[in-house]
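For reference, the structure discussed in these notes is given below.
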Amino acid sequence: MIDSQIISISKKDDKQLIEQIKIIAAKENRSISDVILSFLKEGYAEYTSRQVDEGKPLSVVSLFAGAGGLDVGLEMAGFEIIWSNEKDSDACDTYIANHPRTFVERGDIRNVSNFPKADVLVGGYPCQGFSLAGNRLVTDDRNFLYKEFLRALRKIRPKFFIAENVKGLLTSSGGKIIEAMVEEYKEEGYKVDYYLVNAKDYGVPQDRERVFIIGVRDDINFRYDLPLPTHGEGFGLKPYITLKDAIGHLKPSEVGEYDQSGYSSRYLSRNRKRKWNEVSFCIQASGRQAPLHPLGDPMRHVGKDEWILPETSEHRKLSYVECALIQTFPPNYIWKGSLASRYKQIGNAVPCLLAKAISKPIANYLKKEQEFTNEEKILINL
5 MIDSQIISIS KKDDKQLIEQ IKIIAAKENR SISDVILSFL KEGYAEYTSR
55 QVDEGKPLSV VSLFAGAGGL DVGLEMAGFE IIWSNEKDSD ACDTYIANHP
105 RTFVERGDIR NVSNFPKADV LVGGYPCQGF SLAGNRLVTD DRNFLYKEFL
155 RALRKIRPKF FIAENVKGLL TSSGGKIIEA MVEEYKEEGY KVDYYLVNAK
205 DYGVPQDRER VFIIGVRDDI NFRYDLPLPT HGEGFGLKPY ITLKDAIGHL
255 KPSEVGEYDQ SGYSSRYLSR NRKRKWNEVS FCIQASGRQA PLHPLGDPMR
305 HVGKDEWILP ETSEHRKLSY VECALIQTFP PNYIWKGSLA SRYKQIGNAV
355 PCLLAKAISK PIANYLKKEQ EFTNEEKILI NL
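If you count the sequence shown from 1, you need to add 4 to reach this note's numbering.
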């Protein structure tokens, strides 16, 4: 039954291919479906590597891809995401709905044995569980994602890598954790720098500080320089993108669901509301901690770690749609999962426009490299 379905489907697309598969199945005394499934299971990484080696430009392997914020930004910069990995089921569904051309490896990265070759490796791993023995990072079950990123780096040997992390990485163990990471990356053959950036300086309507670690393979003649801020209050800078700019255009029917779980004492321990003409607070990975919508009266500070919501006006948290726009996801981005899951996916993401800005210098270099290679091929063929 399965074989006949595969044959009928495949004949429409490529009769020659199915004939080749039938020959292999007959020689090895296997079913056609078994041959196809084995190709998919064992041959995809090698196939993709072969395709990339043949000249596919600006290719990216993305680890811990989440809903795809980092990858959307890379695509904006001109990259093509050829392969990604994510464990969270809802995030995978969201990613697949918006990246139909990318092969998505669902599940725990520790179960992935092969990675395709690519120009760039990207990913954001948490910094929990890091400790030191002398100046070396100690293996801890909680820091396995970093170790898996390092394993993928060794296998792929990309020209560049981009790793994103939280601001706290810079001060963890007095700054020794980040320095130990840098040394491990250098031992793998990469020139490494790291930068603390605020998303609002690059056109994102949000106060969000993140660390980016940039690696350039030792044999690549390129120096990465962090792009200068495009937005701010200084001379020659565009004004910050405000909440009004980001979500002020939404009609009531376009707002989407928002968290209505109430306001805990923790939530009311600090100001959660920004004005229309300001950038948003940092978008968290929880609807319960989402910033307040700017409509209505501002919160009032009544004591240490204590704020109240005036009863003179209504208040609500930002919806998941509004949070996604503040994270600079495209308005037509498709979201999967429950409301809580959507908030989590959005809050965990790298703002798309920030990812675009950080990756653009690398994209520009690879484009020039590709143009030079193409010119050489033309000269050889003359």
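We put the beta carbon where it would ideally sit given N, CA and C, even for glycine. Everything numeric in this text was worked out from a predicted model, so none of it was measured.
- One thing to note: L322 has its Cβ within 9 Å of the Cβ of Y262.
- For N275, there is no enclosing alpha helix (DSSP H), as DSSP marks it with neither H nor E.
- Burial is judged here by how many other beta carbons sit within 10 angstroms of a residue's own beta carbon; E109 has at least 16 and is buried.
- Going by C-alpha positions, L41 is about 18 Å away from N115.
- A distance of 9 Å or more separates the beta carbons of S284 and P233.
- Setting aside the 5 residues that flank it on each side, H103 is surrounded in the same chain by G72, D75, I85, S88, each with a C-beta closer than 8 Å to its C-beta; the list follows chain order.
- Boundaries of the alpha helix (DSSP H) harbouring G77: 73-81, taken from the DSSP string.
- The C-beta of L125 has 16 or more other C-beta atoms within 10 Å across all chains shown, which makes the residue buried.
- Exclusion of the five residues before and after I330 leaves P209, Q210, A250, S284, I287 as the residues of its chain whose Cβ lies within less than 6 Å of its Cβ.
- Pairing K204 with L78, the inter-Cα distance amounts to about 18 Å.
- Bounds of the beta strand (DSSP E) holding G307 are 304-307.
- With fewer than 16 other Cβ atoms from the protein chains shown falling within 10 Å of its own Cβ, H305 counts as exposed.
- Between G128 and A167 a beta carbon distance of about 7 Å is seen, short of the 8 Å cut, so the two are scored as contacting.
- For N202, the enclosing beta strand (DSSP E) begins and ends at 194-202.
- Rounded to whole angstroms, the gap between the alpha carbons of R221 and P162 is 7 Å.
- For S265, the closest C-alpha among the options K255, L230, S290, A69 is that of S290.
- Assignment of beta-bridge partners to H235 by DSSP yields K242.
- Rounded to the nearest angstrom, the gap between the Cα atoms of V201 and K255 is 32 Å.
- Between the beta-carbon of G178 and that of N352 there is about 27 Å, and that puts the pair past the 8 Å contact cut.
- Between the alpha carbons of L149 and L67 lies a distance of about 9 Å.
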